[in-house]
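**Student:**
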Amino acid sequence: TQLLEQSPQFLSIQEGENLTVYCNSSSVFSSLQWYRQEPGEGPVLLVTVVTGGEVKKLKRLTFQFGDARKDSSLHITAAQPGDTGLYLCAGHNAGNNRKLIWGLGTSLAVNP
Amino acid sequence: GAGVSQSPRYKVAKRGQDVALRCDPISGHVSLFWYQQALGQGPEFLTYFQNEAQLDKSGLPSDRFFAERPEGSVSTLKIQRTQQEDSAVYLCASRSGAGTDTQYFGPGTRLTVL
Chain D
1 TQLLEQSPQF LSIQEGENLT VYCNSSSVFS SLQWYRQEPG EGPVLLVTVV
51 TGGEVKKLKR LTFQFGDARK DSSLHITAAQ PGDTGLYLCA GHNAGNNRKL
101 IWGLGTSLAV NP
Chain H
113 GAGVSQSPRY KVAKRGQDVA LRCDPISGHV SLFWYQQALG QGPEFLTYFQ
163 NEAQLDKSGL PSDRFFAERP EGSVSTLKIQ RTQQEDSAVY LCASRSGAGT
213 DTQYFGPGTR LTVL
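So this is what it looks like as structure tokens:
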């Protein structure tokens with residue numbers, strides 16, 4: 001089983017701080033997605049990256065896909081309490097679009 | 113509705129009972145997925161349907177788990193003789209096609225087995 005490792009597992013920061021969440025694997029992924037999940041809800045897709053080295057920005061969130069397509073990062077600038085949630089990375093292995101391989105998630109708490 | 117819906121939202125079962133969890137995908141979506149999610153962790157794949165065909169059930173943990181989608185729309189995940197380790201949130205997701213486009217998730221059913 002190919003795994004995606006996320007770090008850190010838990011993160012508690014103050015409003016206004018910056019943070020980075022990492023998603024790493026020893027395997028190559030054809031695409032990688034980042035989701036945010038709030039309690040009692042299903043994950044909601046934030047972004048999909050497909051090209052090695054790709055960088056995508058979504059307001060204060062910056063997503064990067066590694067050159068070798070084995071890793072990704074999510075950087076949040078000036079975090080706000082509304083950013084609190086579980087951040088999950090998930091990827092498709094090349095040749096298998098039937099199921100996503102999921103990381104264990106990073107639980108982020110932004111304190112006012 | 114516009115999104116994926118699941119029912120019930122919460123289910124408490126005594127150990128040994130059978131349960132049935134329902135998923136209503138987005139209308140017209142070809143692909144449907146079931147996931148199991150433990151508290152504070154990422155989802156784990158259970159099974160995948162393309163229309164009414166169950167193309168992958170490799171994630172079902174035991175033969176007590178059974179899923180169906182007889183008309184290619186609504187799906188039911190059935191767990192027989194529930195055990196405490198079955199307690200989790202069961203998520204359903206649908207996708208418009210069979211490719212790698214976006215999966216849309218329902219809110220999940222939280223199953224607690226006492």
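Chain order of the listed sequences is D and H. For the first sequence, my numbering gives the first residue as 1, with consecutive numbering after it. For the second sequence, my numbering gives the first residue as 113, with consecutive numbering after it. Backbone N, C-alpha and C define an ideal beta-carbon position, used for all residues, glycine too.
#1: Rounded to a whole number of angstroms, what is the C-alpha to C-alpha distance between H/Gln162 and D/Glu15?
#2: From the DSSP output, in three-state form, read off D/Glu15 for me.
#3: Do we get a CB-CB distance below 8 Å when we pair D/Pro43 with the residues of chain H?
#4: For H/Leu203, go through chain D and note every residue whose CB falls closer than 7 Å to its CB, in chain order.
#5: Which residues in the same chain have their Cβ closer than 6 Å to the Cβ of H/Arg193, if we skip the five residues on either side of it in sequence?
#6: Quick check: the Cα distance between D/Pro112 and D/Gly85, rounded to an integer number of angstroms?
#7: Pick from H/Ser117, H/Gly140 and H/Phe178: whose alpha carbon is nearest that of H/Gly184?
#8: In the DSSP assignment, the beta strand (DSSP E) including H/Asp168 goes from what residue to what residue?
#9: Taking Cβ positions only, does H/Gly220 come closer than 8 Å to chain D?
#10: Using beta carbons (cut-off 8 Å, strictly below), is D/Trp102 in contact with chain H?
#11: Along chain D, which residues have their Cβ under 9 Å away from the Cβ of H/Phe217?
#12: How long is the line joining the alpha carbons of H/Thr224 and D/Asp67, rounded to whole angstroms?
#13: Can you pull the chain H residues whose beta carbon is under 8 Å from the beta carbon of D/Lys56, in chain order?
#14: For the stretch 38-72 of chain D, list the alpha helix (DSSP H) runs that are entirely contained and at least 4 residues long, ordered along the chain.
**Tutor:** Reading off the structure:
#1: Here residue 162 of chain H is taken as the residue at index 50 of the second sequence, counted from 1. Here residue 15 of chain D is taken as the residue at index 15 of the first sequence, counted from 1. So the two alpha carbons sit approximately 44 Å from each other.
#2: One-based indexing of the first sequence puts residue 15 of chain D at position 15. The answer is coil: DSSP assigns D/Glu15 none of H, G, I, E or B.
#3: Here residue 43 of chain D corresponds to residue number 43 of the first sequence, with the count starting at 1. Judged by the 8 Å Cβ criterion, D/Pro43 is in contact with chain H.
#4: As a first step, residue 203 of chain H must be located in the second sequence, where it is residue number 91. Result: Gly42.
#5: For the purposes of this step, residue 193 of chain H is taken as residue 81 along the second sequence, with counting starting at 1. Closer than 6 Å at the Cβ level, and outside the excluded window around H/Arg193, lie Gly128 and Arg176.
#6: Translated into the one-based positions of the first sequence, residue 112 of chain D becomes position 112. Translated into the one-based positions of the first sequence, residue 85 of chain D becomes position 85. About 14 Å.
#7: On the second sequence, position 72 is the one that residue 184 of chain H refers to. The candidate whose alpha carbon is nearest that of H/Gly184 is H/Gly140.
#8: Taking the first residue of the second sequence as position 1, residue 168 of chain H is located at position 56. Its beta strand (DSSP E) spans residues Ala165 to Asp168.
#9: Position 108 of the second sequence, counting from 1, holds the residue named residue 220 of chain H. For H/Gly220, the answer is yes, since a Cβ of chain D falls inside 8 Å of its Cβ.
#10: Walking along the first sequence from the start, residue 102 of chain D turns up at place 102. Cβ-Cβ to chain H under 8 Å: yes for D/Trp102.
#11: For the purposes of this step, residue 217 of chain H is taken as the residue at position 105 of the second sequence. Residues of chain D passing the Cβ test: Tyr35, Gln37, Glu41, Gly42, Pro43, Val44 and Leu45.
#12: Counting from 1 along the second sequence, the entry for residue 224 of chain H is found at position 112. Counting from 1 along the first sequence, the entry for residue 67 of chain D is found at position 67. In a straight line, the C-alpha of H/Thr224 is about 43 Å away from that of D/Asp67.
#13: In the first sequence, residue 56 of chain D corresponds to position 56, counting from 1. Near D/Lys56 there are no residues of chain H at all, since even the closest Cβ is about 15 Å away, more than 8 Å.
#14: none
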